[in-house]
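Just so we're on the same page, my numbering is the position in the sequence shown counted from 1, plus 2.
All residues carry an ideal CB built from backbone N, CA and C; glycine is no exception.
Below is one structure; the comments refer to it alone.
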Amino acid sequence: DVNTGKHLENVGYNSRLIAQSLQLLPEYENQITDEFVETIESASKIHDIGNIVIPDKIFLKDSSLEAWEMEIIKKHTEEGAKILEEIYNERGNSKFLGMAIDIARYHHANWDGTGYPEKLAGTEIPLAARIVALINTFDVLLGKRCYKDAYSLEESIQIINEESGTVFDPNIVEVFNKVWRQMRLV
Numbered sequence: 003d004v005n006t007g008k009h010l011e012n013v014g015y016n017s018r019l020i021a022q023s024l025q026l027l028p029e030y031e032n033q034i035t036d037e038f039v040e041t042i043e044s045a046s047k048i049h050d051i052g053n054i055v056i057p058d059k060i061f062l063k064d065s066s067l068e069a070w071e072m073e074i075i076k077k078h079t080e081e082g083a084k085i086l087e088e089i090y091n092e093r094g095n096s097k098f099l100g101m102a103i104d105i106a107r108y109h110h111a112n113w114d115g116t117g118y119p120e121k122l123a124g125t126e127i128p129l130a131a132r133i134v135a136l137i138n139t140f141d142v143l144l145g146k147r148c149y150k151d152a153y154s155l156e157e158s159i160q161i162i163n164e165e166s167g168t169v170f171d172p173n174i175v176e177v178f179n180k181v182w183r184q185m186r187l188v
């Protein structure tokens, strides 16, 4: 997929920007350390590592997915987490791998509990995954994919805001609205 490299760079940079911005808020000053900010930039870039187990005929399909195909796509979160857990178990305690596992597994978890894979909701979803969920979606909306045309910047921002409190953490959406002009866009 020719879009993947740029997408991963955007997700890394923009996740770092959101984390840095959240770090300035009192409610996050103990959660988001300088190490967290550094780590999320790298760990977020492998959020979709589980896609390597998805057959290309499904992953690169240029039309809407059938329900059964979508179920296969959804497996990329658990498969990605499993790949990273194997490395984590061999390497020992690694904050980078720990965060990467959380992001891979939960970057499609929704604030209201309707996402996947485990139906986590609210702050049950690891903070790094909540950040990447918004940033990943924003970048995908802006970019043309084999299955969709790109949305405009205005449409993409509107979608993020409409999904605040359902798909996305409202605090992260609030920060996003303040810093999106500094983000790397497609």
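Handout entry: Any 3 or more C-beta pairs closer than 8 Å across the region 176-184 and the region 35-42
Key = no
Practice task
Would you kindly check if the distance between the Cβ of CYS148 and the Cβ of ASP64 is under 8 Å?
Solution key: yes
Problem - With 16 other Cβ atoms within 10 Å as the buried cut-off, status of ILE1 - result: No answer is possible for residue 1: it lies beyond the span of the chain, which begins at 3 and ends at 188.
Practice task
Could you check if SER17 is buried or exposed, using at least 16 other CB atoms within 10 Å of its CB as the buried criterion?
Solution key: buried
Problem - Length at least 4, wholly inside the region 33-76: the alpha helix (DSSP H) runs in chain order - result: 36-45, 58-61 and 69-76
Practice task
Please confirm whether ILE75 and LEU67 have their CB atoms less than 8 Å apart.
Solution key: yes
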